[in-house]
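Under the numbering used here, the sequence shown is numbered contiguously, ending at residue 364.
The beta carbon of each residue, even a glycine, is placed where N, CA and C say it ideally should be.
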Amino acid sequence: MNLSCIIIDDEPDAIDLLELLMKQCTTWTLKAKCYDALEALAFLKKNQVDFIFLDINMPQLTGMELAAILPSQTKIVFTTAYSEYAMESYTFQTIDYLLKPITLKRFLASVQKIEQYFENHHPEYLPNVEPAREFFFIKSGKTLKKIILREIQYFEGEKDYVRLITAQEQLLIYRRLKDIEAQLHSPFVRVHNSYIVNYEQIGKIEDNHIYIADKKIPVSDKFRDAFMEMINKKKF
């Protein structure tokens, strides 16, 4: 998803880490790096972005004070070492609240949450290309096989390799499931240590199990809350 953002933080190392994670995990555009609130205010008066990464503990104006004077529609992802502001942060248009130090795993979860937010609330942010035509090349022997991303039903991890399942075929990928997960985005979601599913392919959910075609896939306690939060957004 092509989103734009800025990072506002008085710690250069924190900005560098976020920038690196964005380059590794997203196709977002970082329009500016601001090292204090006043610099950010000056930039935002002349430029538009989809959302901002905002630190809380900053000189001159704190992140909370800056959020209070920004336009009310400003979408915010707070980045802070202080958990006590989490409740207050959601008085603004807060998408996520990231606690420092930010890990790759937590950042990937945030990427999914941010992109899901814009997909649900702002469909104009979706790519112009038909999502069903996104694809990967999978190495099979000496051949690179093209797989349409949204035709994948699920991935199943089996020790040192991953089994990729579509309605037509199964392929073995000699990578770890967590490495595959790092390259995926919506509509794929982790539901078990051994499974990543395409939620568009789910036929039904029953007794903590997902049914895709004739496959019954367990939803583990570790991933259930995040999975059901996503599913509840699609319920009538």
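Which full runs of the beta strand (DSSP E) of 3+ residues lie inside the segment 258 to 308, going along the chain?
-> 263 to 268, 271 to 276, 280 to 286, 289 to 294 and 298 to 301
Hey, is the segment 236 to 246 in contact with the segment 293 to 305, meaning 3+ C-beta pairs nearer than 8 Å?
-> no
Of the residues E284, M215, I293 and M358, which one's Cα is nearest the Cα of I275?
-> As a position in the sequence shown, residue 275 is number 147, starting the count at 1. That would be I293, whose Cα lies nearest to the Cα of I275.
Distance, Cα to Cα, F179 vs A354?
-> If you number the sequence shown from 1, residue 179 lands on position 51. If you number the sequence shown from 1, residue 354 lands on position 226. Rounded to the nearest angstrom, the gap between the Cα atoms of F179 and A354 is 22 Å.
Expressed to the nearest angstrom, what Euclidean distance is found between the alpha-carbon atoms of K159 and A196?
-> Numbered from 1 along the sequence shown, position 31 holds the residue referred to as residue 159. Numbered from 1 along the sequence shown, position 68 holds the residue referred to as residue 196. Each residue's Cα considered, the two are about 22 Å apart.
Looking only at its own chain, which residues have a Cβ that is under 8 Å from the Cβ of S211, when we skip the five neighbours before and after it?
-> Taking the sequence shown and counting its residues from 1, the one referred to as residue 211 is at position 83. Closer than 8 Å at Cβ, skipping near neighbours: L227.
Would you list, in sequence order, the uninterrupted beta strand (DSSP E) runs of no fewer than 3 residues that lie entirely inside the segment 213 to 255?
-> 221 to 227
Would you call M215 buried or exposed, if buried means 16 or more other Cβ atoms sit within 10 Å of its Cβ?
-> For this step, residue 215 is matched to residue 87 along the sequence shown. So M215 counts as exposed.
Could you give the C-beta distance for I340 and V347, rounded to a whole number, given that I count them as a contact under 8 Å?
-> The residue you call residue 340 lines up with position 212 of the sequence shown. The residue you call residue 347 lines up with position 219 of the sequence shown. Under the criterion of beta carbons closer than 8 Å, I340 and V347 do not qualify as touching, at roughly 12 Å.
From L166, N336, E286 and E357, pick the residue whose C-alpha is nearest to that of Q188; which is it?
-> Locating residue 188 in the sequence shown gives position 60, where the first residue counts as 1. Of the candidates L166, N336, E286 and E357, the one whose C-alpha sits nearest the C-alpha of Q188 is L166.
Among residues of its own chain, excluding the 5 on either side of I223, which ones have a beta-carbon nearer than 6 Å to its beta-carbon?
-> Residue mapping note: residue 223 aligns to position 95 of the sequence shown, counting from 1. Closer than 6 Å at the Cβ level, and outside the excluded window around I223, lie K203, V205, I242 and Y245.
Within 10 angstroms of its Cβ, does T231 collect 16 or more other Cβ (buried), or is it exposed?
-> Reading the sequence shown from its first residue, position 103 is the one you call residue 231. The residue in question, T231, is exposed, as its Cβ has fewer than 16 Cβ neighbours within 10 Å.
So is A168 buried or exposed if we call it buried at 16+ other beta carbons inside 10 Å?
-> Taking the first residue of the sequence shown as position 1, residue 168 is located at position 40. Flag for A168 reads buried.
Roughly how many whole angstroms lie between the Cα atoms of K287 and F171?
-> Along the sequence shown, read from residue 1 onward, the residue named residue 287 stands at position 159. Along the sequence shown, read from residue 1 onward, the residue named residue 171 stands at position 43. If you take the alpha carbons of K287 and F171, they lie about 49 Å apart.
Between the Cα of H313 and those of T157, K344 and C153, spot the shortest distance and give me the residue it belongs to.
-> As a working mapping, residue 313 is identified with position 185 in the sequence shown. Taking only the C-alpha atoms, the option nearest H313 is C153.
Is Q281 buried or exposed, if buried means 16 or more other CB atoms sit within 10 Å of its CB?
-> Looking up residue 281 in the sequence shown gives position 153. With 16 or more neighbouring CB atoms inside 10 Å of its own CB, Q281 falls in the buried class.
Bridge partner(s) assigned by DSSP for K343 | In the sequence shown, residue 343 corresponds to position 215, counting from 1. DSSP lists I340 as partners of K343.
Identity of the residues DSSP links to D183 by a beta bridge | Locating residue 183 in the sequence shown gives position 55, where the first residue counts as 1. Answer is T207, bridged to D183.
My understanding is that Y323 touches I345, with C-beta atoms under 8 Å, so please give their C-beta distance in whole angstroms.
-> For the purposes of this step, residue 323 is identified with residue 195 of the sequence shown, where counting begins at 1. For the purposes of this step, residue 345 is identified with residue 217 of the sequence shown, where counting begins at 1. At roughly 5 Å, the Cβ-Cβ gap stays under 8 Å, so Y323 and I345 are in contact.
If you check the beta carbons only, do D183 and T208 fall under 8 Å apart?
-> Within the sequence shown, numbered from 1, the residue matching residue 183 stands at position 55. Within the sequence shown, numbered from 1, the residue matching residue 208 stands at position 80. In this structure, T208 lies closer than 8 Å to D183 by Cβ.
Among S268, Q329, D138 and M129, the one whose alpha carbon lies nearest that of T190 | If you number the sequence shown from 1, residue 190 lands on position 62. Closest by alpha carbon: D138.
Pairwise C-alpha distance: I135 and K343 = In the sequence shown, counting from the first residue as 1, residue 343 sits at position 215. In the sequence shown, counting from the first residue as 1, residue 135 sits at position 7. Roughly 43 Å between the two C-alpha positions.
Endpoints, the beta strand (DSSP E) within which E334 is located = The count along the sequence shown starts at 1 and reaches residue 334 at position 206. Membership of E334 in the beta strand (DSSP E) is indicated by the continuous run K332 to E334.
Around the C-beta of A142, are 16 or more other C-beta atoms found within 10 angstroms, so that it is buried, or is it exposed?
-> Taking the first residue of the sequence shown as 1, we reach residue 142 at position 14. Its Cβ being crowded by 16 or more others within 10 Å, A142 is buried.
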